[in-house]
Structures are given as structure tokens and as C-alpha cells.
Amino acid sequence: MLDEQFINVIVVEGRNKRWVFIHPDTPKELVHVPKDQCGIYPKEAVTWFSTVYKRIRQGDWPFDKYPVYECRQNPGETLFVPCGWWHAVINEDDTVAITQNFCSPINLYHVYPTIRKERPGLTRIFLE
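The sequence shown begins at 1 in full-length UniProt numbering and counts up one residue at a time.
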């Protein structure tokens with residue numbers, strides 16, 4: 001499950017991708033795979049879909065507080081991922097996707113802390 005602060009645009013070539021979006025206010029404890037269910041691939045989409053997503057599909061989720069949206073992205077379609085939304089994606093078939101992260105002055109205050117932590121060399125570009 002990703003919590004990207006960037007705005008993402010994804011174009012699919014090939015077949016289908018299944019997307020799940022969860023409201024940004026959702027606590028990470030709800031969207032992350034529980035430690036006792038991580039298995040040998042804790043950060044893989046297949047693990048998230050077989051644990052957290054399974055709970056969502058079974059109705060074991062506070063939908064009234066933390067909305068969940070799903071969609072299928074078909075070949076040639078472009079998908080916009082809003083800044084800050086939790087999201088997970090899994091290929092339903094053999095698929096190639098082209099992804100672009102976008103940072104503008106509007107979402108810089110969300111993006112900057114993540115960049116500073118994960119890619120400190122890149123933060124210099126924003127300061128120049």
C-alpha cells in the first residue's frame with residue numbers, strides 16, 4: 001500500500017490493472033498488512049490484496065469514516081492518482097505501465113517531507 005505525496009499519472013499498455021484507493025485520512029494501521037500476516041513477501045501487492053483487501057471485501061472496514069474506491073484500468077486508459085491517497089494496484093494480466101510523478105507548487109508542502117527523508121539529494125533541486 002502506497003502513500004505517495006506526489007500526484008501520479010499512469011498509462012497502461014497491455015492488459016488490465018486493478019486499483020484500490022483509500023481515503024488519505026485512513027490510519028496506516030488499517031491500510032498496512034498486519035505483521036502476523038506479512039508472510040515472505042510483506043511489501044508485495046499480492047500480500048496486500050490477500051490480507052487487507054480481503055478484509056475490505058468481506059465488509060470488515062469502517063467505510064463510513066474511510067471510503068474505499070476501486071476501479072479497473074484498461075489498455076490505453078490514463079489514471080490520475082490524487083496526492084496523499086493510499087493506493088494499491090495489481091496486474092490482472094501481463095501488463096506494462098508508464099508512470100509519472102508530478103510535483104507542483106500546490107502540492108510541494110505534501111511532497112517535500114517525503115523527498116527530504118527518502119531522497120535527500122533531490123531536495124536541493126527544490127531549494128535552488
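Just so you know, even glycine gets a beta-carbon here, dropped at the ideal spot from N, CA and C.
All values reported here derive from a predicted model rather than from experimental measurement.
Given a cut-off of 7 Å on the beta-carbon distance, is the pair residue i and residue j in contact?
| i | j | result |
| --- | --- | --- |
| Lys28 | Asn91 | no |
| Val31 | Ile40 | no |
| residue 129 | Thr26 | What the structure shows of the chain is the stretch from 1 to 128, and residue 129 is not part of that stretch, so it cannot be assessed. |
| Val33 | Trp48 | yes |
| Thr114 | Arg15 | no |
| Cys83 | Asn101 | no |
For residue i, count the other beta carbons within 10 Å of its own beta carbon; 16 or more makes it buried, fewer makes it exposed. Which is it?
| i | result |
| --- | --- |
| Leu79 | buried |
| Tyr53 | buried |
May I ask which residues mark the beginning and end of the beta strand (DSSP E) holding residue i?
| i | result |
| --- | --- |
| Thr78 | Thr78 to Val81 |
| Arg18 | Lys17 to Ile22 |
Any chance the CB of residue i is under 6 Å from a heavy atom of the ligand SAH?
| i | result |
| --- | --- |
| Trp85 | This structure lacks the ligand SAH; in fact it carries no ligand of any kind. |
Could you name the residues of the same chain whose beta carbon sits closer than 6 Å to that of residue i, not counting the 5 residues immediately before and after it, in chain order?
| i | result |
| --- | --- |
| Thr123 | Ile115 and Arg116 |
Return the first residue and the last residue of the alpha helix (DSSP H) that residue i is part of.
| i | result |
| --- | --- |
| Phe49 | Ala45 to Arg57 |
Helix, strand or coil, according to DSSP, for residue i in the structure here?
| i | result |
| --- | --- |
| Arg116 | helix |
| Ile98 | strand |
Might you give, ordered along the chain, the residues of its own chain that have their beta carbon closer than 8 Å to the beta carbon of residue i, omitting 5 neighbours on each side?
| i | result |
| --- | --- |
| Pro67 | Ile22 and His23 |
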